[in-house]
Amino acid sequence: NIFRVLGDFSHLASIFILLHKIQQLKSCSGISFKSQVLYMLVYITRYLDLPWTSSPYNFIFKVLFISSELYIIYLMARAYKPTNDPNLDTFHVEFLLGFAGLLALLFPYKYTILEVFWAFSIWLESVAILPQLFMLQRTGEAEAMTAHYIAALGMYRALYIPNWIYRYFSEPTHKVDTIAVTAGILQTILYSDFFWIYYTKVMRGEKFKLP
Amino acid sequence: VADGGSKDEL
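Protein chains in written order, with this note's numbering: chain A, 112 to 322; chain B, 51 to 60.
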């Protein structure tokens, strides 16, 4: 449905905004490398089923997400490594990995490798933006492109919520994916303060600065 | 609670 397609394209747009920013400004300043590595982990653990993905739509997106994320990490770790400031990227990701790992082991739908890794990926994605938001907090401001990147990334999962509501009412056979919905709501909530600042500042063409 | 078997979403 339209919400999900818009969400997936918003997700794709966020990746291309980020790529554009890094290549245009030849710098990855203001971008959290830790968050990018977490997203790489999210894609790898979620798309283990890539070889037998049924729908071409999903297959293409999975390949796009994995390949573009790999390229972003290459750019940040190799090409533009000097513009990477690890002293600003100090969020303790072990807490996030522990959070996702614990929930994946406690509440998977089934105790199979695919399901446990999938649950891990869903919970990890819900908190993977924290290092990036934390870095934003520390620098107190961000380039417009970085703000657009975070906004598009936040919008992607926010749009999945109406998608789930739409499917609940329109598809009689649709079963509520409680893990994805719970994590999706948590993820969107984590962006809420950013969205507020983004909306009030950037929409007025101002520079993205925290109050 | 449904089982999330159908991984039809990204």
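No residue lacks a Cβ here, since even glycine has one placed at the ideal position from N, Cα and C.
Note that the structure is a prediction, hence the values are computed from the model and not measured.
Nearest to residue i (by Cα), restricted to the options the options
| i | options | result |
| --- | --- | --- |
| A:F210 | A:P193, A:Y277, A:I171, A:I233 | A:I233 |
| A:F306 | A:L321, A:A190, A:A294 | A:L321 |
| A:E317 | A:A258, A:Y220, A:F202, A:A124 | A:A258 |
| A:I113 | A:I224, A:L244, A:R278, A:Y260 | A:R278 |
| A:N169 | A:D119, A:M151, A:G295 | A:D119 |
| A:F206 | A:P242, A:L217, A:Y302 | A:P242 |
| A:Y220 | A:L129, A:S143, A:L213, A:I290 | A:I290 |
| A:A215 | A:D200, A:A190, A:E236 | A:E236 |
| B:E59 | A:Y310, A:Y267, A:L136, A:A262 | A:Y267 |
| A:I133 | A:I224, A:T284, A:L186, A:T293 | A:L186 |
| A:R249 | A:L175, A:S140, A:T156 | A:S140 |
| A:G212 | A:V148, A:T156, A:A269, A:Y260 | A:T156 |
| A:D304 | A:K286, A:I276, A:L244 | A:L244 |
| A:F218 | A:I224, A:L225, A:A230 | A:A230 |
Spatial neighbours of residue i in its chain, beta-carbon cut-off 7 Å, leaving aside the 5 residues before and after
| i | result |
| --- | --- |
| A:K173 | Y158, L161, T164 |
| A:I272 | G295, I296, T299 |
| A:I184 | Q147, V148, M151 |
Residues of its chain near residue i, where Cβ-Cβ distance is below 6 Å and the 5 sequence neighbours each way are ignored
| i | result |
| --- | --- |
| A:L123 | none |
| A:Y150 | E180, A239 |
| A:Y302 | G265 |
| A:M246 | S143, L199, D200 |
Contacts of residue i in chain B (Cβ-Cβ under 9 Å)
| i | result |
| --- | --- |
| A:R115 | E59, L60 |
| A:D160 | K57 |
heavy atom of the ligand FAD below 8 Å from residue i C-beta
| i | result |
| --- | --- |
| A:L123 | What this structure holds is no ligand at all, so the ligand FAD is not there to describe. |
Contact list for residue i against chain B, beta-carbon separation under 7 Å
| i | result |
| --- | --- |
| A:D119 | L60 |
CB contact below 9 Å: residue i versus chain E
| i | result |
| --- | --- |
| A:Y271 | No chain E appears in this structure, whose protein chains are A and B. |
8 Å CB neighbourhood of residue i in its chain, flanking five on each side removed
| i | result |
| --- | --- |
| A:Q319 | Here residue 319 of chain A turns out to be Phe, not Gln, going by the sequence shown. Correct list, in chain order: E252, A253, E254, A255, T257, A258, I308, Y309, K312, V313. |
| A:I153 | First, the residue type needs correcting, since residue 153 of chain A is Val and not Ile in the sequence shown. Here the set comprises S232, L235, E236, A239. |
| A:F127 | S179 |
| A:Q135 | M256 |
>> Taking beta-carbon pairs under 9 Å, can you tell me which members of the stretch 282 to 301 of chain A lie near chain B?
In response: H285, K286, V287, D288, T289, I290, A291
>> Please identify, using Cβ separations under 8 Å, the residues of the stretch 169 to 202 of chain A that lie next to chain B, in order along the chain.
In response: N169, F172, K173, F176
> Unbroken alpha helix (DSSP H) runs of length 4 or more, entirely within the stretch 199 to 240 of chain A: which are they?
Replying inline: 204 to 217, 224 to 238
> Can you list the beta strand (DSSP E) stretches of 3 or more residues lying completely in the stretch 123 to 180 of chain A, in chain order?
Replying inline: none
>> Counting only Cβ-Cβ distances shorter than 7 Å, please list the residues of the stretch 222 to 240 of chain A near chain B, keeping chain order.
In response: W229
>> Give the list of continuous beta strand (DSSP E) stretches no shorter than 3 residues that lie fully inside the stretch 270 to 301 of chain A.
In response: none
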